[in-house]
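What follows is one structure encoded as structure tokens, with my remarks underneath.
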Amino acid sequence: FLKKSKQMTASSSLSKLRFDIGDTLAPGDRIGSARQISPGPGTYTRLGHVYSSVVGNLAISSKDASPIEVSVTSPISQTQIPSIGKLVLCRVLRISPQMPASVEILAMEGMGFFQSQHNSSTSYFMGAIRREDVKSNASEDVSMYDCFRPGDIILARVLSLGDARRYFLSTAEVELGVMKAVCRSSGMVMEPISFKEMQCPESKVKEFRKCARPLSDGDAGGLLSLMMPLKHV
């Protein structure tokens, strides 16, 4: 009777999962309630729910366990996953006046391109930059369109796992922001002329950006290591 009761409890827990066993999850995907399932490797608990912390496949430890333990098995090394506090190189995908800037994460401090970049044009990892994380002491007056444009390559820092399928990033530090941008009129790569403007070397047209501070020989090795992939993006 006890064994049958445990099986019924485990079956009930499985039915409460938001995904099927074997489904591919991304960081921030909510798996289920922490009252009905137990967090295992590749997951974390927040506000009473269990979430995935890695890109991988959903698995359970045992159907007989009560509550069942869920885990997310990543097909890539954990060192290939963006970590909180690390510098990342990103490409801006979309800009909206009222919404966070949407970016794809191309590379991370100390490791260059992520593995997925060698196999497809789509990054494993997505990111978002909220208005308040664009600049230090940012206010509602910050115009996202004056800071970034689609196609810009930016240097940012990982703040948190964020929400489903994306990391929250920051460019508030003076060293962070747009590293590479193309002039809309000439197609030439622009050069930073201040902390908020870039200029086309050919047409001399100026465009607003949240520019990263130009790197010097004295900058941290972690920053310089992320510059290596720029010629490929």
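Heads up: the sequence shown at position 11 corresponds to 345 in our numbering, and the numbers run straight through without jumps. Ideal placement from N, C-alpha and C gives every residue a C-beta, glycine not left out.
For my contact list, residue i and residue j are in at a C-beta cut-off of 8 Å; report their separation, rounded to the angstrom.
i, j, result
"V506", "S470", "Per the sequence shown, residue 506 should be read as Ala rather than Val. That pair is a contact at about 5 Å."
"V422", "V492", "6 Å"
"S504", "I418", "11 Å between Cβ atoms; not a contact."
Identify whether residue i lies in helix, strand or coil by the three-state DSSP scheme.
i, result
"R380", "strand"
"R465", "helix"
"M433", "coil"
"M513", "strand"
"M522", "coil"
"F502", "strand"
Rounded to a whole number of angstroms, what is the C-alpha to C-alpha distance between residue i and residue j?
i, j, result
"R352", "P431", "32 Å"
"I429", "C481", "10 Å"
"I487", "G390", "27 Å"
"L427", "F529", "22 Å"
"I402", "I355", "12 Å"
"V476", "A360", "30 Å"
"I394", "S367", "15 Å"
"S372", "E443", "33 Å"
"C424", "S405", "28 Å"
"R464", "M478", "9 Å"
"P434", "A462", "6 Å"
"F502", "S400", "34 Å"
"F459", "F542", "27 Å"
"G511", "D467", "11 Å"
"R483", "Q370", "44 Å"
"V437", "G485", "9 Å"
Leaving out the 5 sequence neighbours to the left and right, which residues in its chain are closer than 7 Å to residue i when beta-carbon positions are compared?
i, result
"Y385", "G362, D363, R364, I365, T377, Y378"
"R380", "none"
"M513", "I487, I488, L489, A546, L564"
"G374", "S395, E403, V404, S405"
Return yes when the C-beta of residue i is under 7 Å from any heavy atom of the ligand COA, and no when it is not.
i, result
"L359", "Only the bare structure without any ligand can be found here, which leaves the ligand COA out of the picture."
Flag residue i as yes if its beta-carbon sits less than 8 Å from any beta-carbon of chain C, otherwise no.
i, result
"N471", "Structure shown: chain C not included; a single protein chain is present."
Considering only residues of the same chain and omitting the five flanking positions on each side of residue i, which have a CB-CB separation below 6 Å?
i, result
"E536", "S520, M522"
"D357", "L392"
"I415", "V388"
"C534", "C517, S520, M522, M524"
With which residues is residue i paired in a DSSP beta bridge?
i, result
"F542", "E531"
"M460", "E438"
"C424", "I439, I488"
"V508", "The partner list for V508 (beta bridge, DSSP) is empty, contrary to what the question assumes."
"N471", "Answer is none; N471 lacks a bridge partner."
"Y385", "R364, Y378"
Give me, in chain order, the residues of the same chain whose beta-carbon lies closer than 8 Å to that of residue i; leave out the 5 immediate sequence neighbours on both sides.
i, result
"P548", "P526"
"H383", "R364, I365, G366, S367, A368"
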